[in-house]
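Just below is one structure, and these are the notes that go with it.
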Amino acid sequence: CNCTALEGCTTLPSIKSAAFNGKSYIRQQVNIDANGTLNIFLQLKTKSKSGIILHAFFDEERYVLLYVEFGQLKFQFSCGLQTMLLGEIDTPINNGNDVDVEI
Numbered sequence: 001c002n003c004t005a006l007e008g009c010t011t012l013p014s015i016k017s018a019a020f021n022g023k024s025y026i027r028q029q030v031n032i033d034a035n036g037t038l039n040i041f042l043q044l045k046t047k048s049k050s051g052i053i054l055h056a057f058f059d060e061e062r063y064v065l066l067y068v069e070f071g072q073l074k075f076q077f078s079c080g081l082q083t084m085l086l087g088e089i090d091t092p093i094n095n096g097n098d099v100d101v102e103i
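Here's what the structure looks like:
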């Protein structure tokens with residue numbers, strides 16, 4: 001929350017623009033709604049061949065991981081029972097152009 005008093009805050013936390021180099025990162029709280037749903041939208045651009053874009057860790061068994069590997073976007077998540085890895089886009093994303101990602 002961007003308010004001085006966290007309770008009763010009506011402004012949702014957001015990051016408009018960030019640039020990273022090396023081992024930089026942002027720590028951002030994510031919220032899961034009452035139905036257990038997590039919705040994340042981000043826009044990125046990169047020229048890196050590999051690196052972590054998003055790592056949301058909920059407990060010892062549940063997490064979401066979005067990363068670039070060999071220039072391709074990969075998505076991995078676990079709900080506790082099994083881990084899923086998705087890499088549906090064969091086109092490299094590390095060309096410096098905007099990429100919209102919705103999870």
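Here my numbering is used: position 88 in the sequence shown is 88, and no number is missing along the way. Idealized CB from N, CA, C, for every residue including glycine. Given the structure is predicted, the values throughout are model-derived calculations rather than measurements.
The region 84 to 92 and the region 36 to 47 do not touch, with fewer than three beta-carbon pairs separated by less than 8 Å. Of the candidates 102, 100, 71, 97, the residue whose Cα lies closest to the Cα of residue 90 is 71. Residue environment analysis places residue 15 among the exposed positions, since fewer than 16 neighbouring C-beta atoms fall within 10 angstroms of its C-beta. Contact between residue 61 and residue 80 holds: CB atoms are separated by about 4 Å, below the 8 Å threshold. Ranked by how close their Cα comes to the Cα of residue 28, the residues 66, 54, 74, 78 have 54 in first place. The C-beta distance from residue 51 to residue 68 rounds to 5 Å, short enough to fall under 8 Å. The region 60 to 93 is shown to contain whole beta strand (DSSP E) runs of 3 or more residues at 62 to 69, 72 to 79, 83 to 86, in chain order.
Within the region 17 to 59, the beta strand (DSSP E) runs of at least 3 residues that lie entirely inside it are, in chain order, 41 to 44, 51 to 57.
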